[in-house]
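Numbering (my numbering), first residue to last: 9 to 234.
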Amino acid sequence: MANNNNKQEPQLNTAANHHESRQNRTARCCCCLFSLIWYLLISIIILVLLIILVLYIILQPRSFTFHVNQANLTTFNYLNNTTMLRYNLVLNFTIHNPNKKLAIYFDEARGHALYQEKEFAAATPLTAPWFSYLLYTKERVSMSVVFSGNKLVVLDVDDFEGDMKKGIFGIDVKIYFLIRFRIGNVIGNNLINNAMAKCGIKVPFNSSTKNGTIVLFEPTKCEVDF
């Protein structure tokens, strides 16, 4: 009986060793597979970053520029007893695409006008040709926007009357865009970007005069968040 037990022990040890060996091989395979996936993921990320860098260097994307060339404020009356502001503001502006390889496709543009940091007018969306308009490379175009109507808004009457005496009103204009880029005939349909032009302008009221001289609007370059 003792001899039989001695013969079975090596067999049990051999089976245990085989089982442990299989577990080690399985663990090593899992580890190798994980490492392969990790290296592959890192390689893809590096490749994508390199492609983006190369495209950036080749295309050199730049923001468009936005200038208000003329502003006419023919109506700007505030009735304090009703807090009603009547207004008529016409802006003529120039937009320029400085890119050499990228055209800019405007899907939509929304304009807002503020006085004393309070919005009193909106044009949503702006009229053609803003909607679905393509600004080609190095192109410069002139356009206009009209804010006209009336709105209930609470203003500081003293500041309003002071500006009326000076004949100049400080107005902030914000125009929001939805844009896409175009390279050749390819438009990035899935790459819609938000952009905003912010213009702090000093607008003479209805050809105001100062010391007998007509006050003219000074062309203003706007800040563009791109």
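We put the beta carbon where it would ideally sit given N, CA and C, even for glycine.
Where the alpha helix (DSSP H) through residue i begins and ends
i	result
F168	165-174
Beta-bridge pairing of residue i - partner residues as DSSP gives them
i	result
P212	I176
L44	Its beta-bridge partners do not exist; DSSP assigns none.
Q68	Paired residue(s): none; Q68 is not in a bridge.
L97	L81, F155
L122	E127, D180
F225	Looking at the DSSP assignment, F225 forms no beta bridge with any residue, so it has no partner.
Where the beta strand (DSSP E) containing residue i begins and where it ends
i	result
N88	It is not in any beta strand (DSSP E) - N88 carries neither H nor E in the DSSP assignment.
T108	Checking the displayed sequence, the identity of residue 108 turns out to be Lys instead of Thr. Unbroken run through K108: none, as it is neither H nor E.
S150	148-160
L143	141-143
E231	231-233
E127	126-131
Reference residue i, options the options, closest by Cα
i	options	result
E147	V162, L160, N107, V181	N107
R70	I209, D167, A203	A203
P212	D167, G119, T83, L58	T83
E169	F74, L58, L93, F42	L93
N2	T73, L160, F72	Given that the chain is displayed from residue 9 to residue 234, the structure contains no residue 2 and the question cannot be resolved.
N201	I176, E116, D166, W46	E116
V223	V76, F177, Q68, L57	F177
Q124	I187, D166, T73, F101	D166
Rounded separation between residue i and residue j - CA only
i	j	result
L55	Y144	30 Å
I112	L142	6 Å
T91	D171	17 Å
L163	D180	15 Å
F234	F185	10 Å
P227	I60	37 Å
K182	S51	43 Å
G208	L44	56 Å
A131	S152	12 Å
N105	F114	12 Å
L41	Q68	40 Å
N96	V154	7 Å
V76	S156	18 Å
L57	Y47	15 Å
K210	L99	12 Å
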